[in-house]
Amino acid sequence: MAMMKWSRTLNTAAMCAALALATIAPTVHAAPLRLRSSVVDYAADGKDIKDVLRDFGASQGIATNIAPGVTGTVSGKFHLSPRKFLDTLAASFGFAWYFDGQVLDVVASSDLQSSLIKLDNASTQSLRETLDKMQVSDDRFPINYDSTQGTAIVSGPPRYVQLVTQIAARVDANASRRSGTMVRVFPLYHGWAQDRTVMIEGDKVKLEGVATVLNNLYHPDSGKDKDKGKSGEGRSSGQSSGVTRNEPVTDVNGQTYNGPYIPPPLPSGGASKGMLSGLTGEPSPQLQAVIGSSPPPLPSEVASPGSDGSLPVIVADQRTNSVVIRDTGDHMAQYDTLIQRLDIKPQLIEIEAHIIEIDDNALSELGVDWTAHNSHIDIQTGSGANTQNSYNGNLTQSFGNTTLQGNVTALASPAGLSMAAVLGDAGRYLMARVSALQQTNLAKIDASPKVVTLNNIEAVMDNKTKFFVQVSGYTSGDLYSISTGVSLRVLPMVVEEDGQTRIKLDVAIEDGELTGVNVGTLPVIQTSNITTQAFINEGQALLIAGYHKNEDTFGRSGVPLLSKIPLLGALFRTDNTNKQHMEQLFLLSPRVITP
């Protein structure tokens, strides 16, 4: 008979119901309580519940782990079986207990957890049988199974949830090994299996291979934030145009020139111990027990997909340019079709560019009809602060964004005049006229690069001058490279529609030059940028204009000897100053190459 006086105010009916439930209702516990006695005789007078539970564990020879959230005081005399003793206290003080065969865990009701278990290979019935056989399942914390989806939801104390989750992972891994996995090699003939890194204007741009695409598809969380800020879909923010910080060059000892000294690595066996290691690179026996002998585990974000045993495991073989996949036999068939769709033969596109400078007065003689907006011509003028004109066509130019009234962001107009036009056979006529104007020094062709690229692969054509500037810091100096000139980047995409082949061009042009002004020791660079997109048919060309250049030439002619006489020499010589306003044009002619 249990006679108790509770320190907290309890409803009499609720307490009686709890005692009756604990006395009458049979329960199946995780592991049997192997106790020293079958009856608990205990008396308490205002004793803390934690001390009561510790006394119970000590009297029965079991370890206890009591959560801080379990609070209350107990007063009374008990003469109950051990299970009824625990259930009575749990119902009265609102905690839950779980015994795994070694430790009695007692947690507050607010510490109960829930977890979703996913079984990829094992059945829910096999998990249920394993938990029952190992005496882990507990009817007080029932597990909800869904055999159709292969999932289970477990709720209860943290130790109970952790134990069930670990057993489920082991059961699923064993089922995967029993079902048998196979390895297959898929050779690629057109695409790349491994990721490639290319340098574009000092930035590292990662091009994902087929293996990475498949891993992102089947393991979407494995590479999250792995290469954040490194894959680089373009120029990193905060980096000035045309200015690149060079990586310091190291000497034979791995030290950087004019940089801080870095001590050499410790001998083998003690490199990971730091200052805790002895002179021989090994820690003392006392510290060995604290820091351990095994190296620290790798961060989870650098682990490769499938390193936890989950399928499929997809890796790239760079030597044979193949994708190697390990998975079950019934899943292997899906990869063949998927890889064939990814390993398609890309089309070859030839891009011919002409960079032309022409006198403003001769521009009207080119025969280009610069009219208003339509599907082939786009003219934009403005101050750079107002919004850009919009229309429905095949040309889309970008000059940045501007903020309008009401914090509305819109496409900004160019600071000046910018024109783009799609030319058909007039492109060849344009080049013929430019060649004619070259004879009278009214036009010149600065460069005519030609490059062949793959469909959806950016082509970069640079004509730049690079020089280096050393910037001194507090303890060391950094070397920066500054480049000026023309950079032309074109991303082509072939579009097959209604039996007609069209080419979409994404064009980015940057032109920079030195101004002759220095800020400290650094020169000032004036750059102009324009970005445009256009849809053109085969045989057509894209003409972009809008860059202005002023060229001042000075010439002097006179009578030999007499023109150099002081004061009187001005009567025998003539000075000629020629100011020429040039317009810079970019003519792009893409062509699909048929092998």
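According to mature numbering (1 follows the signal peptide of the UniProt record, and there is no 0), the residues represented by the sequence shown are -30 to -1, 1 to 565, in order. Even glycine gets a Cβ: it sits at the ideal position worked out from N, Cα and C. All of these numbers come straight from a predicted model, not from anything done at the bench.
Distance, residue j Cα to residue i Cα
| i | j | result |
| --- | --- | --- |
| residue 45 | residue 18 | 9 Å |
| residue 288 | residue 176 | 16 Å |
| residue 533 | residue 407 | 34 Å |
| residue 512 | residue 322 | 11 Å |
| residue 535 | residue 526 | 15 Å |
| residue 327 | residue 465 | 32 Å |
| residue 430 | residue 307 | 33 Å |
| residue 88 | residue 122 | 7 Å |
| residue 120 | residue 92 | 8 Å |
| residue 186 | residue 504 | 32 Å |
| residue 441 | residue 486 | 19 Å |
| residue 415 | residue 475 | 22 Å |
| residue 300 | residue 147 | 14 Å |
| residue -22 | residue 15 | Annotation note: pLDDT 35 at residue -22 (below 50); position unreliable, no value reported. |
| residue -3 | residue 101 | Below a pLDDT of 50, predicted positions are generally treated as unreliable, and residue -3, at 43, falls in that range; the measurement from the model is reported next regardless. If you take the alpha carbons of residue -3 and residue 101, they lie about 13 Å apart. |
| residue 182 | residue 558 | 34 Å |
| residue 471 | residue 547 | 51 Å |
| residue 356 | residue 499 | Unreliable positioning characterises residue 356 in this predicted model, as indicated by a pLDDT of 44, which lies under 50. The coordinate reading is nonetheless provided below. Rounded to the nearest angstrom, the two C-alpha atoms are 18 Å apart. |
| residue 60 | residue 115 | 27 Å |
| residue 449 | residue 439 | 6 Å |
| residue 426 | residue 562 | 12 Å |
| residue 25 | residue 32 | 10 Å |
| residue 67 | residue 167 | 55 Å |
| residue 62 | residue 142 | 39 Å |
| residue 28 | residue 111 | 26 Å |
| residue 293 | residue 53 | 58 Å |
| residue 520 | residue 494 | 18 Å |
| residue 468 | residue 508 | 14 Å |
| residue 424 | residue 302 | 30 Å |
| residue 545 | residue 460 | 45 Å |
| residue 117 | residue 314 | 40 Å |
Top-ranked residue by Cα proximity to residue i, from the options
| i | options | result |
| --- | --- | --- |
| residue 477 | 173, 67, 560 and 529 | 560 |
| residue 428 | 63, 37, 542 and 169 | 169 |
| residue 133 | 166, 502 and 106 | 106 |
| residue 174 | 182, 165 and 181 | 165 |
| residue 331 | 24, 309 and 550 | 550 |
| residue 528 | 519, 538 and 12 | 538 |
| residue 564 | 555, 317 and 188 | 317 |
| residue 295 | 303, 304 and 282 | 282 |
| residue 157 | 507, 26, 329 and 291 | 291 |
| residue 530 | 543, 518, 520 and 161 | 543 |
| residue 64 | 42, 411, 433 and 552 | 42 |
| residue 463 | 506, 494, 493 and 492 | 506 |
| residue 108 | 497, 90 and 131 | 131 |
| residue 104 | 70, 48, 28 and 23 | 70 |
| residue 411 | 329, 492, 421 and 113 | 329 |
| residue 162 | 286, 72, 145 and 188 | 286 |
| residue 9 | 49, 21, 73 and 20 | 49 |
| residue 458 | 30, 160, 555 and 190 | 555 |
| residue 280 | 145, 159 and 324 | 145 |
| residue 497 | 491, 434, 413 and 284 | 434 |
Residue i - partner residues in DSSP beta bridges
| i | result |
| --- | --- |
| residue 483 | 496 |
| residue 157 | 292 |
| residue 491 | None, per the DSSP bridge assignment. |
| residue 462 | 475 |
| residue 554 | 327 and 517 |
| residue 125 | 84 |
| residue 470 | 467 |
| residue 560 | 321 |
| residue 545 | 526 |
| residue 534 | Paired residue(s): none; residue 534 is not in a bridge. |
| residue 148 | Residue 148 is not bridged to any residue. |
| residue 167 | 176 |
| residue 297 | 152 |
| residue 12 | 48 |
| residue 131 | Residue 131 is not bridged to any residue. |
Short CB-CB distance (under 7 Å) between residue i and chain B
| i | result |
| --- | --- |
| residue 189 | Of the chains in the structure shown, none is chain B; there is only one protein chain. |
Subject >> Contained beta strand (DSSP E) runs [length at least 3] in the stretch 14 to 90, N- to C-terminal order >> reply: 33 to 36, 43 to 50, 65 to 69, 73 to 78 and 83 to 88
Original post:
Are the stretch 481 to 490 and the stretch 448 to 457 touching, with three or more C-beta to C-beta distances below 8 Å?
Top reply: yes
**OP:** Output the residue ranges of the beta strand (DSSP E) runs that lie fully inside the stretch 400 to 454 and measure 3 residues or longer, sorted by chain position.
**Re:** 413 to 417, 420 to 424 and 429 to 442
Original post:
Would you say the stretch 152 to 162 touches the stretch 120 to 128, given that touching needs at least three Cβ pairs under 8 Å?
Top reply: no
Original post:
For the 8 Å Cβ check, are there 3 or more pairs between the stretch 91 to 111 and the stretch 132 to 151?
Top reply: Between the stretch 91 to 111 and the stretch 132 to 151 there are three or more C-beta pairs closer than 8 Å, enough to call the two in contact.
Original post:
Are the stretch 68 to 79 and the stretch 26 to 38 touching, with three or more C-beta to C-beta distances below 8 Å?
Top reply: yes
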